[in-house]
Amino acid sequence: MSGSRPLSGVAVLLVDDEDAVRRALAMYLRRQGAGVVEAKSYAEAADQLLARKFHIVVSDVMLGDGSGLTLGRLCRTFKPPVAFLAITGAIEDDILDDDVTPTTVFLQKPFALDELRARVLDALGRTAAAAQEH
Numbered sequence: 098m099s100g101s102r103p104l105s106g107v108a109v110l111l112v113d114d115e116d117a118v119r120r121a122l123a124m125y126l127r128r129q130g131a132g133v134v135e136a137k138s139y140a141e142a143a144d145q146l147l148a149r150k151f152h153i154v155v156s157d158v159m160l161g162d163g164s165g166l167t168l169g170r171l172c173r174t175f176k177p178p179v180a181f182l183a184i185t186g187a188i189e190d191d192i193l194d195d196d197v198t199p200t201t202v203f204l205q206k207p208f209a210l211d212e213l214r215a216r217v218l219d220a221l222g223r224t225a226a227a228a229q230e231h
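Sequential numbering of the sequence shown, starting at 98, is according to the working numbering.
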């Protein structure tokens with residue numbers, strides 16, 4: 098991955114029910130070189146995840162029609178698994194959910210865009226390492 102476009106070649110499914118937030122994050126990820134598909138709901142994201150190949154899902158935890166963390170569980174069913182980054186306003190320690198695993202990476206709101214890039218790369222690395230262990 099090049100220094101100026103560190104996410105070049107990375108297929109991202111970006112899920113957020115707030116249009117302005119989703120569009121801004123998508124624009125940033127595209128500038129970093131990622132190919133981004135946007136979804137505004139859990140249902141739309143699940144359909145996209147089953148229809149296309151993604152390297153990572155970046156999702157808000159609180160969606161109007163479901164939990165982003167449930168998408169994380171779905172990500173782990175693929176071979177190879179799809180990385181998952183959960184964006185949340187909650188403190189990570191406050192999230193007690195069966196859908197959270199050691200490969201789930203969290204990004205707490207508010208955040209700087211360079212932190213988003215760093216967490217995406219972290220999630221991709223963790224998922225690749227976990228896949229090699231199995």
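From the three backbone atoms N, C-alpha and C, an ideal C-beta is built for every residue, glycine too.
Selection from the options that minimises the alpha carbon distance to residue i
i: V112; options: R102, L146 and P103; result: L146
i: Y139; options: L122, R170, F175 and A209; result: R170
i: G106; options: K150, T224 and P178; result: K150
i: F181; options: P103, R120, Q129 and V217; result: V217
i: G161; options: K176, L168, A183 and K137; result: K137
i: Q130; options: R214, R223, A227 and L221; result: What sits at residue 130 in the sequence shown is Gly, not Gln. Cα-wise, what sits closest to G130 is R214.
i: L166; options: I153, A183, Q205 and V179; result: A183
Limits of the beta strand (DSSP E) - the one that residue i falls within
i: L204; result: V202 to Q205
N-terminal and C-terminal residue of the alpha helix (DSSP H) that residue i is part of
i: V134; result: Segment G132 to A136 is the beta strand (DSSP E) holding V134; no alpha helix (DSSP H) there.
i: T167; result: G165 to C172
Residues that DSSP places opposite residue i in a beta bridge
i: T185; result: Q205
i: V158; result: Answer is none; V158 lacks a bridge partner.
i: A180; result: I153
Three-state class that DSSP yields for residue i in the structure shown
i: G222; result: helix
i: M98; result: Per-residue confidence for M98 stands at a pLDDT of 44, beneath the threshold of 50, marking its modelled position as unreliable; the derived number appears in the next sentence. If DSSP states are grouped into helix, strand and coil, M98 belongs with coil.
i: R216; result: helix
What are the start and end residues of each continuous alpha helix (DSSP H) run of 4 or more residues lying completely inside the stretch 100-153, in chain order?
116-128 and 139-148
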